[in-house]
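Protein chains in written order, with this note's numbering: chain A, 47 to 173; chain B, 1061 to 1329.
Remarks on the structure that follows.
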Amino acid sequence: MATETEDTAPTKPAENKCEEADEPGSPTDKEKQLSRKSKSNITLFFHATGNTPILKKRKMIVEATRKIAYVSSFLRRYLRLTAAESLFLYINQAFSPSLDQTIENLFECFGTDGVLNVHYSTSQAWG
Amino acid sequence: MATDREVLRDLWDGKLPVCFVLNDEEVCDLQTPEAFYLMVPRLSYFPLVWDKVRKHFIKHVHADHHDMEMWLDYNGTPLKWHYPIGLLFDLYAYDTQLPWTLTVHFEKFPENILLHCGSREVVESHFMSTLKEADALKHKGQVMNTMQKRDHNQLWLGLQNDKFDQFWSVNKKLMDTSSTDGEFKHIPFRIYCSDEGPFIQKLVKPFTEDSQPKLLQNLIEEIFPDTCKQVCVITHGIELSLDVPLQWMSEHMSYPDNFLHLCIVSNTS
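Structure, rendered in structure tokens:
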């Protein structure tokens, strides 16, 4: 998963509004919480797993049409990972999304309480 | 659970004749190498079948490129190795004459379009992740989580070695609905429109609120609420009738990754 394709290394991380955030609500009854109309921006919450450092800024607002590769390269820069280091992203604490999957699709299917929770780890966590 | 076994078997046996040719610009011999023909399973992935293709062409390209990653294009469109072969054909070449002619490249890897695929392990990890995602939609991931590692291996080896019984002896557990009143929580599907762009994936239940089975027509209406034109939906090279129930489709017409991969072509008739 160390490979990256689309949307590599955007040079202006300041565009991503990052804020301090509390622990998001527990993942229950996702369907009722989801807004039915498609959103143009989606809020991501990052959760560190294993020995991976916790981010100071855990919330990120990202355009719905962006791909997971964009989030992955953002996190890699933020965590100052070298090309040789791996970064694994997980949705639902269960699976790694494909790097060309859109944020919109993941939010539609796995969003909770209006946010998409993303777990990240520098070592493999959930198979 | 999947009961119409003949359907499963027929889809599993679906194959496509492919003619591989080396990109002219990369030929370093005086003569262009001969084309390489293969019958490939629709349900498989190109990196699982292209070892022989690489071996055939590698001696005709410049030695500097021998370690490069191979990739394919059809009519100038780079083909994503992580899409099943049958999906790629339905998406880009549905009305093409067979054999399906693909161009083999070793140079100029299209970094912005394709993911890298260094080995079969990369394909395996992509495949298993997609299976887990599908199970998260169907059973909240409970079936994959309770399986043993050797079951996971069997799914992968069954696909890799084209062994129907090996694959389905485990996959039937993922298609099981006996503990959930005969239905999945949601139907894992991806919809592709031929005009490039990413696929569409949403939460869709197999039954309506008053317990009526949803049909393919209902799915299309949920995804494209504003279209009134007729659409033609293709999967496994078959034009689907819009009155097929979603639950049956999911159990019988999903690819081995447990997703329905549906291609939309606008109806010209």
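Cβ atoms here follow ideal geometry from the backbone N, Cα and C, with glycine treated the same way.
Should Leu-145 (chain A) be flagged as near chain B, meaning a C-beta pair shorter than 8 Å?
Against the first sequence, residue 145 (chain A) aligns to sequence position 99. A Cβ of chain B is located within less than 8 Å of the beta carbon of Leu-145 (chain A).
Return yes when the Cβ of Pro-1144 (chain B) is within less than 8 Å of the Cβ of Tyr-1105 (chain B), no when it is not.
In the second sequence, residue 1105 (chain B) corresponds to position 45, counting from 1. In the second sequence, residue 1144 (chain B) corresponds to position 84, counting from 1. For Tyr-1105 (chain B) and Pro-1144 (chain B), yes; Cβs fall inside 8 Å.
Which whole runs of the alpha helix (DSSP H) in the segment 1061 to 1139 of chain B are 4 residues long or more, in chain order?
1065 to 1072, 1106 to 1109 and 1111 to 1118
If you draw a straight line from the alpha carbon of Pro-1093 (chain B) to that of Ile-1260 (chain B), how long is it in whole angstroms?
If you number the second sequence from 1, residue 1093 (chain B) lands on position 33. If you number the second sequence from 1, residue 1260 (chain B) lands on position 200. In a straight line, the C-alpha of Pro-1093 (chain B) is about 40 Å away from that of Ile-1260 (chain B).
With 16 other Cβ atoms within 10 Å as the buried cut-off, status of Pro-1285 (chain B)
In the second sequence, the residue the question calls residue 1285 (chain B) occupies position 225. Exposed is the call here.
Taking the DSSP output, what are the residues bridged to His-93 (chain A)?
For the purposes of this step, residue 93 (chain A) is taken as the residue at position 47 of the first sequence. Note: His-93 (chain A) sits in a beta bridge opposite A:His-165.
Considering only the alpha carbon of each residue, which of A:Glu-150, A:Asn-163 and A:Val-117 lies closest to Ala-110 (chain A)?
Counting from one through the first sequence, the residue named residue 110 (chain A) turns up at place 64. When C-alpha distances from Ala-110 (chain A) are compared across A:Glu-150, A:Asn-163 and A:Val-117, the shortest belongs to A:Glu-150.
Looking only at its chain, what residues have a beta carbon closer than 7 Å to the beta carbon of Leu-1263 (chain B), apart from the 5 residues adjacent to it on each side?
The sequence position of residue 1263 (chain B) within the second sequence is 203, counting from 1. Result list for Leu-1263 (chain B): His-1246, in chain order.
From what residue to what residue does the beta strand (DSSP E) around Arg-1250 (chain B) run?
As a position in the second sequence, residue 1250 (chain B) is number 190, starting the count at 1. Where Arg-1250 (chain B) is concerned, the enclosing beta strand (DSSP E) stretches over 1249 to 1253.
Buried or exposed: which applies to Glu-69 (chain A), given that a residue is buried once 16 or more other Cβ atoms fall within 10 Å of its Cβ?
Within the first sequence, residue 69 (chain A) is the residue found at index 23, counting from 1. Model confidence at Glu-69 (chain A) stands at a pLDDT of 39, short of 50, so the residue's coordinates are unreliable and nothing is read from them.
For the beta strand (DSSP E) that contains Val-1164 (chain B), what are its first and last residues?
Locating residue 1164 (chain B) in the second sequence gives position 104, where the first residue counts as 1. First-last of the beta strand (DSSP E) with Val-1164 (chain B): 1160 to 1165.
Jot down the residue ranges of each uninterrupted alpha helix (DSSP H) in the segment 1162 to 1240 of chain B, minimum 4 residues, whole runs only, in chain order.
1180 to 1199, 1202 to 1206, 1209 to 1220 and 1224 to 1234
Would you mind telling me which residues of chain A sit closer than 7 Å to Gln-1261 (chain B), beta carbon to beta carbon, in chain order?
To locate residue 1261 (chain B), count along the second sequence from 1; it is residue 201. In chain order: Asn-151, Glu-154 and Cys-155.
Tell me whether the segment 1168 to 1177 of chain B and the segment 92 to 108 of chain A touch, counting them as touching only if at least three CB pairs, one residue from each stretch, are closer than 8 Å.
no
Which first and last residues belong to the beta strand (DSSP E) in which Tyr-136 (chain A) is found?
Counted from its first residue, the first sequence places residue 136 (chain A) at position 90. Tyr-136 (chain A) -> beta strand (DSSP E) spans 134 to 137.
Do the segment 1216 to 1229 of chain B and the segment 1101 to 1117 of chain B make contact, defined as three or more Cβ pairs closer than 8 Å?
yes
Beta carbon of Leu-1151 (chain B) nearer than 8 Å to that of Cys-1323 (chain B)
On the second sequence, position 91 is the one that residue 1151 (chain B) refers to. On the second sequence, position 263 is the one that residue 1323 (chain B) refers to. Yes. Within cutoff.
Residues in the segment 130 to 144 of chain A with C-beta within 8 Å of chain B's C-beta atoms, listed in sequence order?
Ile-137, Asn-138, Ala-140, Phe-141, Ser-142, Pro-143 and Ser-144
Per-residue burial, Arg-1065 (chain B) [other beta carbons within 10 Å of its own, 16 or more giving buried]:
Here residue 1065 (chain B) refers to the residue found at position 5 of the second sequence. Arg-1065 (chain B) should be labelled exposed.
Within 10 angstroms of its Cβ, does His-1122 (chain B) collect 16 or more other Cβ (buried), or is it exposed?
One-based indexing of the second sequence puts residue 1122 (chain B) at position 62. By the neighbour-count rule (16 or more Cβ atoms within 10 Å), His-1122 (chain B) is not buried but exposed.
Note down the Cα distance separating Gly-1390 (chain B) from Gly-96 (chain A), rounded to an integer number of angstroms.
No statement about residue 1390 (chain B) is possible, as the shown extent of chain B runs from 1061 to 1329 and does not include it.
Listed by chain order, chain B residues near Thr-98 (chain A) by CB distance under 8 Å
Here residue 98 (chain A) refers to the residue found at position 52 of the first sequence. Chain B residues near Thr-98 (chain A): none, gap ~19 Å exceeds 8 Å.
Alpha-carbon spacing of Asp-1317 (chain B) relative to Leu-1191 (chain B), whole angstroms
As a first step, residue 1317 (chain B) must be located in the second sequence, where it is residue number 257. As a first step, residue 1191 (chain B) must be located in the second sequence, where it is residue number 131. So the alpha carbons of these two residues sit roughly 5 Å apart.
Going by DSSP, which residues form a beta bridge with Pro-1305 (chain B)?
Residue numbering aside, residue 1305 (chain B) sits at position 245 when the second sequence is read from its first letter. DSSP, once it has assigned bridges, lists B:Leu-1275 as partnering Pro-1305 (chain B).
Give the DSSP-derived three-state secondary structure of Glu-1299 (chain B) in the structure shown.
For the purposes of this step, residue 1299 (chain B) is taken as residue 239 along the second sequence, with counting starting at 1. Of the three classes helix, strand and coil, the one that applies to Glu-1299 (chain B) here is strand, per DSSP.
Interface residues of the segment 1109 to 1137 of chain B facing chain A [CB-CB below 8 Å]:
none
Would you mind telling me which residues of chain A sit closer than 9 Å to Pro-1258 (chain B), beta carbon to beta carbon, in chain order?
Counting from 1 along the second sequence, the entry for residue 1258 (chain B) is found at position 198. Here the neighbours are Thr-111, Lys-113, Asp-146, Gln-147, Thr-148, Glu-150 and Asn-151.
Per DSSP, which one or two residues make a beta bridge with Asn-87 (chain A)?
Against the first sequence, residue 87 (chain A) aligns to sequence position 41. Note: Asn-87 (chain A) sits in a beta bridge opposite A:Glu-109.
Residues of chain A with a CB under 7 Å from the CB of Lys-1192 (chain B): which are they?
If you number the second sequence from 1, residue 1192 (chain B) lands on position 132. Among the residues of chain A, those whose CB is under 7 Å from the CB of Lys-1192 (chain B) are Ala-140 and Phe-141, following chain order.
Select from B:Val-1183, B:Leu-1162 and B:Gln-1157 the residue whose C-alpha is nearest the C-alpha of Trp-1141 (chain B).
As a working note, residue 1141 (chain B) is residue 81 in the second sequence. Minimum Cα distance to Trp-1141 (chain B) is reached at B:Val-1183.
Three-state class that DSSP yields for Leu-1263 (chain B) in the structure shown:
For the purposes of this step, residue 1263 (chain B) is taken as residue 203 along the second sequence, with counting starting at 1. In the structure shown, Leu-1263 (chain B) sits in coil (DSSP, three-state: anything other than H, G, I, E or B).
Helix, strand or coil, according to DSSP, for Leu-101 (chain A) in the structure here?
To locate residue 101 (chain A), count along the first sequence from 1; it is residue 55. Secondary structure of Leu-101 (chain A) (DSSP, three-state): coil.
So which residues of chain A does His-1142 (chain B) contact, with C-beta pairs closer than 7 Å?
As a working mapping, residue 1142 (chain B) is identified with position 82 in the second sequence. Ordered by position in chain A, the residues that pass the 7 Å Cβ test against His-1142 (chain B) are Ser-144.
Judging by CA-CA distance, which residue of B:Thr-1161, B:Met-1188, B:Tyr-1134 and B:His-1165 is the nearest neighbour of Ser-144 (chain A)?
Indexing the first sequence from 1 puts residue 144 (chain A) at position 98. Among B:Thr-1161, B:Met-1188, B:Tyr-1134 and B:His-1165, the Cα nearest to that of Ser-144 (chain A) belongs to B:Met-1188.
Whole-number beta carbon distance between Leu-1320 (chain B) and Phe-1249 (chain B), since they are thought to touch under 8 Å
On the second sequence, position 189 is the one that residue 1249 (chain B) refers to. On the second sequence, position 260 is the one that residue 1320 (chain B) refers to. Sure, about 4 Å apart at Cβ, within 8 Å.
In the DSSP assignment, find the unbroken alpha helix (DSSP H) run with His-1147 (chain B) in it and report its ends.
Taking the first residue of the second sequence as position 1, residue 1147 (chain B) is located at position 87. Note on residue identity: the sequence assigns Leu, not His, to residue 1147 (chain B). From DSSP, the alpha helix (DSSP H) with Leu-1147 (chain B) extends over 1145 to 1152.
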